[in-house]
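Undergrad: Here it is: the structure, laid out below.
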Amino acid sequence: SQQGEEDPQALSIQEGENATMNCSYKTSINNLQWYRQNSGRGLVHLILIRSNEREKHSGRLRVTLDTSKKSSSLLITASRAADTASYFCATDRFGNEKLTFGTGTRLTIIP
Amino acid sequence: DVKVTQSSRYLVKRTGEKVFLECVQDMDHENMFWYRQDPGLGLRLIYFSYDVKMKEKGDIPEGYSVSREKKERFSLILESASTNQTSMYLCASKTPAGRYEQYFGPGTRLTVT
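In the order they appear, the protein sequences are chains A and B.
If you're matching positions, the first sequence starts at 212 in the numbering used here and goes up one per residue.
If you're matching positions, the second sequence starts at 2 in the numbering used here and goes up one per residue.
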C-alpha cells in the first residue's frame, strides 16, 4: 500500500517563483525523505528529516514535518528551469530498512 | 560518488521470455533494492537484499525472483514475462550504517509485447 500521497499531482509555475508540494502519510515514521526524478531517469536524494525534527534547510530547499498531522512539505525557493522534475516523498519506519514512496508531484518550471 | 548502474536503459521482450535485469553498485553497500515504477502508483518495492545470498520479498514480489551472488550485484529475474510487467524498473542501494538515503540507478524501461 502507498504510505505517502503527494499533493498536488502536478504543478506549473513561472521561473523565479516558489514551489510548494505536500506529502501525507499514514503510519508513524522514523524519517521522511524527498527525492527528485528527472524525466525517465533514476531518483536522486534531496533531503532527509527525522521524526523529531520540524524543519530542515538545504540550499533552496526547505522541508517541514508535522508528525501530529502526518504530513510534510517541500518548498523550493526561486525556482529554475532545471528544477523541472517529479518529486517523491519516502518514509521509513523504526527498525525497518525499507522505504515507502508516495505517488509524486510533477513540477514544471516555465521559463 | 556512489554509482549504481543498470544493464540496459531500454529492453523489449516477448511474453513468456525469461528476463534478467542486472544492477551493479560500486560502494560496497550491503542493502540493495528493486522497485517498479508505474504512472500514478509511484515506486513499489519488489524485492530487497540485506547481504549476499539474502533476500526478502517486498510489496509486489509475484512473478519476480532475485539473485545476489556477489555483494555488488543484484539481479531481478522475470521467469516468464507478461505484458503487465511492462514498467520502469529501478535498482537502488544503501549502506545500513545509520544512513537512510538510497542511491538509484538510471532505470530500465521494460516493454513486454
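A virtual CB, placed ideally from N, CA and C, is assigned to each residue, including glycine.
Being a predicted model, the structure only gives us computed values, none of them experimental.
Look up A293 (chain A) in the DSSP assignment and say whether it is helix, strand or coil.
TA: On the first sequence, position 82 is the one that residue 293 (chain A) refers to. DSSP places A293 (chain A) in helix when its eight states are reduced to three.
Undergrad: Given a threshold of 16 other Cβ atoms within 10 Å of its Cβ, counted over all protein chains shown, does S250 (chain A) qualify as buried or as exposed?
TA: Taking the first sequence and counting its residues from 1, the one referred to as residue 250 (chain A) is at position 39. Per the 10 Å Cβ criterion, exposed.
Undergrad: Between the C-alpha atoms of Q248 (chain A) and S9 (chain B), what's the straight-line distance to the nearest angstrom?
TA: Here residue 248 (chain A) refers to the residue found at position 37 of the first sequence. Here residue 9 (chain B) refers to the residue found at position 8 of the second sequence. Roughly 18 Å between the two C-alpha positions.
Undergrad: Following the continuous beta strand (DSSP E) through R37 (chain B), name the residue where it begins and the one where it ends.
TA: As a first step, residue 37 (chain B) is located in the second sequence; it is residue number 36 there, counting from the start. Run containing R37 (chain B): N32 to D39, per the beta strand (DSSP E) assignment.
Undergrad: Nearest by alpha-carbon distance to D277 (chain A): which of A:S235, A:D218 and A:Q220 is it?
TA: For the purposes of this step, residue 277 (chain A) is taken as residue 66 along the first sequence, with counting starting at 1. Answer by Cα proximity: A:S235.
Undergrad: Nearest chain B C-beta to G306 (chain A) closer than 8 Å, yes or no?
TA: On the first sequence, position 95 is the one that residue 306 (chain A) refers to. It does not: the Cβ of G306 (chain A) has no partner Cβ on chain B nearer than 8 Å.
Undergrad: Which of the three DSSP states is assigned to N334 (chain A) in this structure?
TA: Outside the shown range of chain A, which is 212 to 322, sits residue 334 (chain A), and nothing can be said about it.
Undergrad: For the segment 284-317 of chain A, which residues have a beta carbon sitting closer than 7 Å to at least one beta carbon of chain B?
TA: For the segment 284-317 of chain A, which is checked against every Cβ of chain B, the residues closer than 7 Å are F299, D303, E308, K309, L310, F312, G313, T314 and G315.
Undergrad: What is the C-beta distance between S50 (chain B) and V67 (chain B), in whole angstroms, given that I count them as a contact (C-beta under 8 Å)?
TA: By 1-based counting over the second sequence, the position of residue 50 (chain B) is 49. By 1-based counting over the second sequence, the position of residue 67 (chain B) is 66. Correct: roughly 7 Å between the Cβ atoms.
Undergrad: Assign N85 (chain B) to one of three DSSP states: helix, strand, or coil.
TA: In the second sequence, residue 85 (chain B) corresponds to position 84, counting from 1. Note: N85 (chain B) maps to helix in three-state DSSP.
Undergrad: Just verifying my parser: in three-state terms, what is the DSSP assignment at F49 (chain B)?
TA: Locating residue 49 (chain B) in the second sequence gives position 48, where the first residue counts as 1. Three-state result, F49 (chain B): strand.
Undergrad: My output table needs one value for Q248 (chain A): the three-state DSSP class, helix, strand or coil.
TA: The sequence position of residue 248 (chain A) within the first sequence is 37, counting from 1. Three-state result, Q248 (chain A): strand.
Undergrad: Interface residues of chain B around Q244 (chain A) at Cβ under 7 Å?
TA: Translated into the one-based positions of the first sequence, residue 244 (chain A) becomes position 33. Here the neighbours are Y101 and E102.
Undergrad: Tell me whether Y101 (chain B) sits in a helix, a strand or coil according to DSSP, three-state version.
TA: Residue mapping note: residue 101 (chain B) aligns to position 100 of the second sequence, counting from 1. Three-state result, Y101 (chain B): coil.
Undergrad: Whose C-beta lies closer than 8 Å to the C-beta of R265 (chain A) among residues of the same chain, with five residues either side of it excluded?
TA: Counted from its first residue, the first sequence places residue 265 (chain A) at position 54. The residues are T275, L276 and D277.
Undergrad: Reducing DSSP to helix, strand and coil, say where I61 (chain B) ends up.
TA: Numbered from 1 along the second sequence, position 60 holds the residue referred to as residue 61 (chain B). I61 (chain B) falls in the coil class under three-state DSSP.
Undergrad: Short of 8 Å Cβ to Cβ, which residues in the segment 253-280 of chain A face chain B?
TA: Cβ contacts with chain B: G253, L254, V255, H256 and L259.
Undergrad: Would I287 (chain A) pass as a contact of L272 (chain A) if the rule is Cβ separation under 8 Å?
TA: Walking along the first sequence from the start, residue 287 (chain A) turns up at place 76. Walking along the first sequence from the start, residue 272 (chain A) turns up at place 61. For I287 (chain A) and L272 (chain A), yes; Cβs fall inside 8 Å.
Undergrad: Please confirm if Y12 (chain B) has its CB atom under 8 Å from at least one CB of chain A.
TA: Counting from one through the second sequence, the residue named residue 12 (chain B) turns up at place 11. Before going on, a small fix: residue 12 (chain B) reads as Leu here, not Tyr. Taking Cβ atoms only, chain A never reaches closer than 8 Å to L12 (chain B), which makes this a no.
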